[in-house]
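Novice: Chain order of the listed sequences is U and S.
The working numbering puts the first sequence at residues 109 to 254.
The working numbering puts the second sequence at residues 109 to 254.
Handing you a structure now.
Protein chains: 2
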Amino acid sequence: MLREAKDAWRPTLKRNSRLSLALHTLSHMAGNPDQTRTSADIAEHAGTNPVVVRRVLGRLREAGLLTSEKGHAGGWRLARVPAEISLADVYLALDERIVASDEPDDAPSCSVEHALHKTVAGVLQDIEQSLVQKLAETSISEVRGS
Amino acid sequence: MLREAKDAWRPTLKRNSRLSLALHTLSHMAGNPDQTRTSADIAEHAGTNPVVVRRVLGRLREAGLLTSEKGHAGGWRLARVPAEISLADVYLALDERIVASDEPDDAPSCSVEHALHKTVAGVLQDIEQSLVQKLAETSISEVRGS
DNA sequence: CATTTCGTAACTTATTTAGTTGCGTGAACA
DNA sequence: TGTTCACGCAACTAAATAAGTTACGAAATG
Numbered sequence: 109m110l111r112e113a114k115d116a117w118r119p120t121l122k123r124n125s126r127l128s129l130a131l132h133t134l135s136h137m138a139g140n141p142d143q144t145r146t147s148a149d150i151a152e153h154a155g156t157n158p159v160v161v162r163r164v165l166g167r168l169r170e171a172g173l174l175t176s177e178k179g180h181a182g183g184w185r186l187a188r189v190p191a192e193i194s195l196a197d198v199y200l201a202l203d204e205r206i207v208a209s210d211e212p213d214d215a216p217s218c219s220v221e222h223a224l225h226k227t228v229a230g231v232l233q234d235i236e237q238s239l240v241q242k243l244a245e246t247s248i249s250e251v252r253g254s
Numbered sequence: 109m110l111r112e113a114k115d116a117w118r119p120t121l122k123r124n125s126r127l128s129l130a131l132h133t134l135s136h137m138a139g140n141p142d143q144t145r146t147s148a149d150i151a152e153h154a155g156t157n158p159v160v161v162r163r164v165l166g167r168l169r170e171a172g173l174l175t176s177e178k179g180h181a182g183g184w185r186l187a188r189v190p191a192e193i194s195l196a197d198v199y200l201a202l203d204e205r206i207v208a209s210d211e212p213d214d215a216p217s218c219s220v221e222h223a224l225h226k227t228v229a230g231v232l233q234d235i236e237q238s239l240v241q242k243l244a245e246t247s248i249s250e251v252r253g254s
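If you want it as C-alpha cells, here you go:
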C-alpha cells in the first residue's frame, strides 16, 4: 500500500468494545465493592472471554483502578472506593482518545496540508479536553440503574 | 464470533483517512475555485487513487458541496463559494460522527448496562454537538497556508 | 464516433480487534 | 508438599473495515 505523505492527520477512536466492557464491569463492581470477581465470572456476565477480560482489566490495573490476585479466592477488586473512580479515569486508562491527532511521520510537503493539520488538531484538542471534563463529572457508582 | 447483548454502546469514529482527503482537497480547491479538477489530478496530489477520490468526493457531492461533470473538460468543482463551506459541512457530509451512540439492537438485559448506555450516550451527544459547532467556525478558505 | 471523465462493482491486501488455546506463575489450602 | 485455582502472556484464528486496484459502463464533449 503506498500512502506517502498523507497520514498527516488521523482521528483515532477505535471502534472497539473495550471501553464498553470496562465501564460495564466497573459499574457492576461499584454495586458490591467488597466482592472479588474472577475473569471467568466477569466474562460470563459480559458475554465474552476471560482472556479478553484480563486484557482490558489489566489496563485498568496499570492505571491503579483495580487490583488482581492470583490463586484461591483470587480475582479482581476495585482499588479505590467507587465514588472516586470517574468515567474519565476509565476512559484515560484505556488510552482511547478521540483526538490523538497523530503527528505526521514526515513533514507535510504541502502547505495546505500543514495548515489543515494545525487547524483540525486544534479543534480536536479542545474537544478531547471537554470530553474528558464531562466524563470526569460522573463516577462509576452514579451509573447504576436499579 | 459470539457477541450477544453487548454491542449496547459503541463509539464510532473510524480510523480512516476519508476526512483528511476531503478536507485537503477542498482546501486546495478553495484556493482556485474556478478551476475544474479531475479525479486523476486530485488523486495524484493526494497520493492516492482516482477511484478512492471519486468515492470520497461523491459523498460531498451528495451533500451539495461539490459538483461533478462527465466527459471532456469534466471533473470536480465547488458547488458554493469557499467561504460558505465549513469544516463542519465536510465532517457531516462524510457521516463520520464521533458520537453516533449506536442504539442497542436488543434491549440490554442488564440494568447497569442500560443506565451506562444512557449516561455515556448523553455525554457523547454533548461532545458531538460542540465538535460540530467548533468545526462550523472555520471555512475551508480559512485553512490555507501560504 | 472517438475520447474523456465520472460511476460503480468486484476483487485484493493490510490493519485492527475479538476470540481462543495453551502454558507458565504464584497463592491458597488440604 | 502437592493439587487446585486464578491471573499473565504469547501465539494463533477469525471477522470486520478500509484502501487500493482493475475493469467496464454511461454520459458529455469535440
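All C-beta atoms in this analysis are idealised placements derived from N, C-alpha and C, irrespective of residue type, glycine included.
The structure displayed is predicted, hence computed values, not measured ones.
#1: State the CB to CB distance for the pair S/A201 and S/L243, rounded to an integer number of angstroms; the pair is presumed to be in contact (CB under 8 Å).
#2: Excluding five sequence neighbours on each side, which residues of the same chain lie with their C-beta closer than 6 Å to the C-beta of S/Y199?
#3: Should U/A223 be flagged as near chain S, meaning a C-beta pair shorter than 9 Å?
#4: Cβ of U/H180 less than 9 Å from any chain S Cβ?
#5: To which residues of the same chain is U/E170 closer than 8 Å at the C-beta, ignoring the five residues directly before and after it?
#6: Check the Cβ of U/D234 against every Cβ in chain S and list those closer than 7 Å, keeping chain order.
#7: Using a Cβ cut-off of 9 Å (strictly closer), state whether S/V164 contacts chain U.
#8: Given a cut-off of 9 Å on the beta-carbon distance, is the pair U/L173 and U/A151 in contact?
#9: My parser needs the alpha helix (DSSP H) runs of 4 or more residues fully inside the segment 124-173 of chain U; what are they?
#10: Using CA coordinates, which residue listed in U/H132, U/S176, U/S125 is at the minimum distance from U/E250?
#11: For U/N157, which residues in the same chain have their Cβ closer than 8 Å to its Cβ, ignoring the five residues on either side in sequence?
#12: Show which residues of chain U have a CB atom less than 9 Å away from the CB atom of S/V161.
#13: Of all the residues that make up the segment 177-201 of chain S, which are near chain U by a beta-carbon distance shorter than 9 Å?
#14: Out of curiosity, what's the CA-to-CA distance linking U/E245 and S/E245?
#15: If contacts are defined as beta-carbon pairs under 8 Å, then S/V164 and S/A130 qualify, I think. What distance do you get, rounded to the angstrom?
#16: Please confirm if U/E250 has its CB atom under 9 Å from at least one CB of chain S.
Specialist: Taking the structure as given:
#1: To locate residue 201 of chain S, count along the second sequence from 1; it is residue 93. To locate residue 243 of chain S, count along the second sequence from 1; it is residue 135. Their Cβ separation, rounded to whole angstroms, is 12 Å, which puts S/A201 and S/L243 out of contact at 8 Å.
#2: Stepping through the second sequence from its first residue, residue 199 of chain S is reached at position 91. Here the set comprises L243.
#3: Within the first sequence, residue 223 of chain U is the residue found at index 115, counting from 1. Interface residue, yes.
#4: Counting from 1 along the first sequence, the entry for residue 180 of chain U is found at position 72. It does not: the Cβ of U/H180 has no partner Cβ on chain S nearer than 9 Å.
#5: Along the first sequence, one-based indexing puts residue 170 of chain U at 62. Once the five neighbours on either side are set aside, the close Cβ partners of U/E170 are A201.
#6: In the first sequence, counting from the first residue as 1, residue 234 of chain U sits at position 126. In chain order: K242.
#7: Looking up residue 164 of chain S in the second sequence gives position 56. It does not: the Cβ of S/V164 has no partner Cβ on chain U nearer than 9 Å.
#8: Along the first sequence, read from residue 1 onward, the residue named residue 173 of chain U stands at position 65. Along the first sequence, read from residue 1 onward, the residue named residue 151 of chain U stands at position 43. Contact flag unset, no.
#9: 126-138, 147-154, 158-170
#10: Counted from its first residue, the first sequence places residue 250 of chain U at position 142. Ranking U/H132, U/S176, U/S125 by Cα distance to U/E250 puts U/H132 first.
#11: Taking the first sequence and counting its residues from 1, one reaches residue 157 of chain U at position 49. Answer for U/N157: A151, listed in chain order.
#12: Taking the first residue of the second sequence as position 1, residue 161 of chain S is located at position 53. Neighbours of S/V161 on chain U: none; closest Cβ ~12 Å, over 9 Å.
#13: L195
#14: For this step, residue 245 of chain U is matched to residue 137 along the first sequence. For this step, residue 245 of chain S is matched to residue 137 along the second sequence. Their backbone Cα atoms lie some 27 Å apart in a straight line.
#15: As a first step, residue 164 of chain S is located in the second sequence; it is residue number 56 there, counting from the start. As a first step, residue 130 of chain S is located in the second sequence; it is residue number 22 there, counting from the start. That belief holds up - the Cβ atoms of S/V164 and S/A130 are roughly 5 Å apart, short of 8 Å.
#16: Position 142 of the first sequence, counting from 1, holds the residue named residue 250 of chain U. Interface residue, yes.
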